[in-house]
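Each remark here refers to the structure printed beneath this line.
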Amino acid sequence: MAERQDFDAAYFVDDLSMMPDDELFALMQTLEGESEDVAVEARETSDIFARIALVETAIEDRFPGQLLAPYKEWHQRRTTV
880 MAERQDFDAA YFVDDLSMMP DDELFALMQT LEGESEDVAV EARETSDIFA RIALVETAIE
940 DRFPGQLLAP YKEWHQRRTT V
């Protein structure tokens with residue numbers, strides 16, 4: 880996923896709210912991978928970490944009180960299959 884200079888958090892949150900759980904979890908996995916490629920000196924200007932925080936919030940809103948457990952369980956199932 881290429882970073883956009885015109886990242887619109889409100890639009891991104893709206894998109895997240897319409898995603899099924901599997902798509903939301905897959906996006907989180909993709910963003911985590913992309914975050915590993917962000918150079919330390921570019922972290923201040925990268926929107927990857929803001930996106931990750933918004934996806935985390937969306938997951939926690941869907942699964943109250945479970946933090947990221949549903950994502951971690953999904954990730955575990957995908958890596959063991």
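First residue of the sequence shown: 880, per the working numbering; consecutive thereafter. Note that beta-carbon positions come from the ideal geometry of N, C-alpha and C, so glycine has one too. The structure presented is a predicted model; accordingly, all values stated were derived computationally and were not measured.
Kindly indicate the opening and closing residues of the alpha helix (DSSP H) around residue i.
| i | result |
| --- | --- |
| residue 895 | 888 to 897 |
| residue 922 | From DSSP, residue 922 is part of no alpha helix (DSSP H); its letter is neither H nor E. |
Helix, strand or coil: how does DSSP classify residue i here?
| i | result |
| --- | --- |
| residue 998 | This structure cannot settle anything about residue 998, because the visible part of the chain is limited to 880 through 960. |
| residue 914 | helix |
| residue 945 | coil |
| residue 926 | coil |
Going by Cα to Cα distance, which pick from the options is closest to residue i?
| i | options | result |
| --- | --- | --- |
| residue 885 | 951, 936, 930 and 938 | 930 |
| residue 899 | 911, 941 and 916 | 941 |
| residue 911 | 927, 896, 890 and 901 | 927 |
| residue 954 | 887, 901, 925 and 895 | 901 |
Just the Cα atoms here: how many angstroms apart are residue i and residue j?
| i | j | result |
| --- | --- | --- |
| residue 909 | residue 903 | 10 angstroms |
| residue 921 | residue 892 | 23 angstroms |
| residue 946 | residue 939 | 5 angstroms |
| residue 937 | residue 917 | 23 angstroms |
| residue 950 | residue 958 | 12 angstroms |
Determine, using beta carbons only, whether residue i comes closer than 8 angstroms to chain B.
| i | result |
| --- | --- |
| residue 931 | Note that chain B does not occur in the displayed structure, where there is just one protein chain. |
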